[in-house]
Amino acid sequence: MPEKTYDHNQIELKWHERWAAEEGAGLYKAEENSSKPKYYVLEMLPYPSGALHVGHIRNYAIGDALARHMWMRGYNVLHPMGWDAFGLPAENAAIKNGRPPREWTLSNIEKMKLTHRRFAFSYDWDREVTTCEPDYYRWNQWFFLRMMEKGLAYRKQAMVNWCSECGTVLANEQVVDGCCWRHETTPVEQRALDQWFLRTTAYADELLKDIEILDGSWPERVLTMQRNWIGRSEGAEVDFKVDGYGPVRIFTTRIDTIYGATCMILAPEHEIVRTRLNAEMQAHAKKMIDARAAQGPGDVEKEGFDTGLRATNPFSGETVPVWVGNFVLMGYGTGAIMAVPAHDQRDFEFCSKYGIKILPVIRPTDGELPDVTKMKEAADAYGVVENSGPYSGKPSEEAKREMAARAEREGFGKAAVTFRIKDWGVSRQRYWGTPIPAIHCPACGVVPVPDDQLPVLLPRQVAITGKGRSPLDAVPEFVNVACPKCGAAARRETDTMDTFVDSSWYFYRYCDPQNTAVPYDKEKIAYWFPIDQYIGGVEHAILHLIYSRFWTKMMRDIGLTTCDEPVKKLFTQGMVVRNGAKMSKSKGNVVPADDIAEMRGADTARMFALFAAPPEKDVDWNDAGVEGIYRFLGRIYRFATRNIPAPAGGDGSADTQVLRKLHQTLERITIDFDHRWHFNTSIAAVMELVNELYAEEARISQATLATVIRTLTLMIAPFAPYLAQELWEEQGNSGPVFREAWPAFDAELAKETEVEIPVQINGKLRARINVPAGTGAAELGQLAQADEKVKALMEGKAIVKVIAVPDKLVNLVVK
RNA sequence: GCCCGGGUGGCGAAAUCGGCAGACGCAACGGACUUAAAAUCCGUUUUCCCGCAAGGGGAGUGUGGGUUCAAUUCCCACCCCGGGCACCA
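0 is the number of the first residue of the first sequence in numbering that gives the first Met the number 0; add one for each residue after it.
As C-alpha cells, then:
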C-alpha cells in the first residue's frame, strides 16, 4: 500500500467519536467481580480552575501509560478521575464577576472534562467524584459527626487573620506582605475565634511509626518531609511556681540543664498575659503577635519584656524572673520555656540582649565549665552536669532520666513527648466548602446535626461580598434552625470545612460512588484497597498525604476499613515549569493543553510530556521539542501504512538483526515499566528501533515486517493510544488495542551474537575488536593482544596485567 | 542555619551493578528530491591540536584531592542552582 500522511486531526477525531460511543459499553470500565488480579492506579484529582495545562498532562500521561500497560498485562484496572471542586478561587470569581461559585465550578469541570476526553485518558467516568456536590460532601459531614462522637473533632480558640477594612477573615494566601490582598495598606490583625479542630495529634505516634511501612515504596524525601513535619521530640515537662499565680508548666528537651535556668519566658499568647498583666503589657504582647503574623517565617529580632512576676525553679529552689518573649511559640509544647542561656543559642541571644544572668552547668566530658565572661555563643552539647545539687558529676543522659523521674515522683512534672504536628484546624469562615454539621443552642450548647438530617445543604442563593465573618452568616434560612435536642431557636454553625477534608478520602468513594446509605461498601474497598500506585505533584508531600493517612486510620478505628495505610506506592512527578518559573495564571506562563492538542495532537502532547525528561524531574516546557515527537509519530505511521500489507520482495537478510532490535526494545520498555518509569528512555528505544527499520526496510522479509509492525503497534499503545488504535485497525484487527496482551520479549532473540570490545592500554582507548558474545576473559585477552594495532603500540613494552571483562572491555596494563 | 534533590555538548537528556562519556531528540549545517519552497529522506555536529587528505594525538561530566588497571558512577573537602523546613525549647 502506498504510505499515508500522518494527519493527527483526522485520526484523533475519528477515534474520539468511536470511543465516546463505546464508553457506555465499558471501554475503560473496572470490573467489579473479576478473577483477574486488581490494580488501582490513581492520579491526584485536579482543582477545576478552568483549563488543563501541560503540567496536568504530564501527571495524567504517566498514570494513563501505566493503566494501559497494566491492562495489557492482564490486570483488572481501576483508573478513576474526579474534581476537587470546593475552594477559594470559586468565591473570588464570584466577587469579581458575580457568577455563583457552583455554576462557575461546574462549567469549568465541563470544559476540563472535554480536554480529558480529547487526550483519551482511560478513566472510568462512571465513577467520577465531584466534591462540591451534596452526594459527596454529605459524607464529609457524616465522618465529622463520627469524629465528634469519638472526641476527634472539637472546638477551641485559635487565631485567624482579620482585615478590619473588609471585616472578614482572610486565608493565609490572601495575606500579602502582612496586609490584606484587597487593602494593601491595611495590616492584618490576629483575632481569636472559636474554631473546629480534628485531633490529628491523637495519631501522631502512629503516623510516624507507620512511615516504616511506606519505606521503600514512597519517595525517601516525602517520608523525610513527613517525619520532620510530625517532629517528635522527647523531653520533660516541669512546673515552675509563679508567685501569686500558681504552677506554670514548661517543656524542655534538656532538663539536665535546669540548674542553669535563669529566667522563664512565656509566649505572648500565654494565659498569664491575659489574666495577670496590666493593659500596657497586654498591648505590647498583642503587638508582638500581630508583628509575627505579618512578618511570616524568617528570623525576627528577639524581643521581650519583664512581667515583674517571679517563679521558682523546683530543682534548685532559685527564684527567676518571668518574661514574655516574641520567639516563644504558643503552639508548641506548653507555650512557656525555661531559659538556659549558657546552653541554648536562642536563650543566649535573648538573655545577652536583656542582661539576664548566664549560668553554665554543663562541662564537656574532657574539659572545663565554659567561662561566662568569654562566651560568644551557647554550648549546647551534652556533657557532665555541674553545679546541679545532687546531680553534679553525672553525664547529661543520666541526669535527664533521673531528673524526669524525680519530677514525676514529686508531682511537679514528668517525662514527656511533644510533636511539632498540631491538631488540624478545619474551620474556614468561607462559603464554598462543606458546612460543618453542628448547631449552637443557647441551652444545650454545641449540638451535632442528627444523621437523618444530613446533608446540611449549602444554600445556593448567597451574596458573596467578601465582607463579614462568613457569607453564610447573612443567610437567615440557613442560620436559623431549631435545636435538635430541645427544639429551641438555635443557630447553625456557619464555618465550612477545609478542602483538604474532601481530598482525604475521595479515593475510597471511587470504589462505590453512588452509595447513598454509607460512604462506601466495605467489601468493595476490601477488594480495591490499598491504592497500588498514586501519582501526583511533590507539593502535596506533606498536607494532603498526611491528612489522607490520618483519615484512613480514623476510618479504620470506626470500623470502615482494615487498611492502616491507603497508598501502597507513591510516585511524585516533577513540575512542568516555563522559563524557569512554575506555571501559574498570575505569571501568565501557562501552556494550555488544548493548544498543544490542536497544533500537534493529543498523542504528540502526551508523548512529549513523557519524553522530555525522566518523570520525577522538573522539566522546562519548550515547544521546539514537541515537533520532534510529531515527526517521530509520522515516521511510524508512514512506515507502517506503506507496509500494510507487507509487500513481497524483501530478501529477509536483515530479519535476524531487526528482530533482535525489536526484542531489545521490548526488553527495555518492559523493564522501564517494571522498575523505574524512565519513559524518556523507553521512547528513545522505540526511536532507535524505527531508525533501524528505515535503514533496513528493503532487506526485511514480508513475514518479519508484519510481526514488527504488529509488535510496534502494541508497544506504543500506552503512550500514543490514538495512533496505536489506528494502526491496529489498519492491520485488520478490531477491538481496543490496549486490551491486547503486552508482547513478551524473547531474551534469546534479544541477545547479540557478536560484540565490539574496546581495547585500552593503560586505561586509554586504543583499538576495538569484534568477538562472539560471551567470549571468555582469557581468550578475550589473547584476541586483544593479537590485534595489529595493539601489537604496534605494545612494541618494546612489558605487560604487567591483563584485565578482560567478557562483553565489556579489555584493559592492558603495560610498562 | 538544618534536611533533601541536582550540576554532563548550543539546548532537553542517556550511560540501569565501577568498564567505549554524550544513546535518543531539539537546534544548526551540508546533501538528495523539487521550477521553487514546505514536507520527506540521507549525512555532519563535545572541544582543541597536527595533516591537502586518509588519519593521528590531547583535553573533557561544577572545583580540588583520594581509592582503582579503570570514576559521570565510590570516598573526602569545597562552590553553585532548585526544593522543603525554619526561633519547635
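A virtual CB, placed ideally from N, CA and C, is assigned to each residue, including glycine.
- As computed with DSSP, Arg490 is found in a beta bridge with His439 and Asn479.
- Sixteen is the threshold: when 16 or more other Cβ atoms of the shown chains lie within 10 Å of the Cβ of Gln663, as they do, the residue is buried.
- Contact between Asp511 and Asp520 holds: their C-beta atoms lie close to 5 Å from each other, under 8 Å.
- Gly259 places its beta carbon less than 7 Å from that of Leu358.
- Note on Asp650: under 16 other CB atoms within 10 angstroms of its CB, so exposed under the neighbour-count rule.
- For Gly245, the enclosing beta strand (DSSP E) covers residues Gly245 to Thr251.
- Nearest Cα to Trp138 within the set Met582, Lys466 and Leu453: Leu453.
- Residue state for Asn312 is assigned as coil, using DSSP reduced to three classes.
- Residue range Pro100 to Arg117 is occupied by the alpha helix (DSSP H) that includes Lys112.
- Rounded to whole angstroms, Thr752 and Tyr526 show a C-alpha spacing of 47 Å.
- Of Lys286, Lys285, Asn386 and Leu265, the smallest CA-CA separation from Met337 is found for Leu265.
- C-alpha of Gly633 to C-alpha of Gly54: approximately 25 Å in a straight line.
- Note that the stretch 690–709 does not touch the stretch 598–614; fewer than 3 beta-carbon pairs, one per stretch, sit closer than 8 Å.
- Shown here, Trp195 sits in a strand according to DSSP, grouped into three states.
- Rounded to the nearest angstrom, the Cβ distance from Ser469 to Tyr430 is 7 Å, consistent with a contact under 8 Å.
- Within the same chain, and ignoring the five residues on either side of Val299 in sequence, the residues whose Cβ sits closer than 8 Å to its Cβ are Ala290, Arg291, Asn325 and Phe326.
- For Ser232, the uninterrupted beta strand (DSSP E) segment begins and ends at Arg231 to Val241.
- Cβ atoms of Ile524 and Thr560 come within 8 Å of each other, at about 6 Å.
- Rounded to whole angstroms, the separation of the alpha carbons of Thr655 and Leu808 is 25 Å.
- When only Cα atoms are considered, Lys301 and Arg362 end up about 27 Å apart.
- For Cys262, the enclosing beta strand (DSSP E) covers residues Cys262 to Leu265.
- Within the same chain, and ignoring the five residues on either side of Arg419 in sequence, the residues whose Cβ sits closer than 6 Å to its Cβ are Gly230.
- Put simply, of Val789, Glu687, Leu665 and Leu779 the residue whose alpha carbon is nearest the alpha carbon of Ala749 is Leu665.
- Shown here, Trp423 sits in a strand according to DSSP, grouped into three states.
- Annotation for Thr417: the continuous beta strand (DSSP E) segment containing it runs Gly412 to Phe418.
- Listed in chain order, the non-local C-beta contacts of Asp343 below 8 Å within the same chain comprise Arg253, Thr256, Ala377 and Asp379, local neighbours out to five positions each way being set aside.
- A distance below 8 Å between beta-carbons, with the five flanking residues on each side excluded, links Ala341 to the following residues of its chain, in chain order: Thr256, Gly259, Phe347, Ile357, Leu358, Pro359, Val360, Ile361, Pro369, Val371, Met374, Ala377 and Ala378.
- Counting C-beta pairs with one atom in each stretch, the stretch 84–100 and the stretch 127–146 have three or more that are closer than 8 Å, which means they touch.
- Within the stretch 296–359, the complete alpha helix (DSSP H) segments at least 4 residues long are 344–353, listed from N- to C-terminus.
- Per DSSP, the continuous beta strand (DSSP E) segment holding Trp161 begins and ends at Ala152 to Cys162.
- With respect to the 7 Å criterion, Val221 and Ala645 are not classified as neighbours on the basis of their beta carbons.
- Per DSSP, Arg429 is not a residue of any alpha helix (DSSP H), being assigned neither H nor E.
- Closest in alpha carbon position to Ile56, among Gly215, Ala697, Ala601 and Pro805, is Ala601.
- For Glu564, there is no enclosing alpha helix (DSSP H), as DSSP marks it with neither H nor E.
- For Pro369, there is no enclosing beta strand (DSSP E), since its DSSP letter is neither H nor E.
- A distance below 6 Å between beta-carbons, with the five flanking residues on each side excluded, links Ala50 to the following residues of its chain, in chain order: Pro591.
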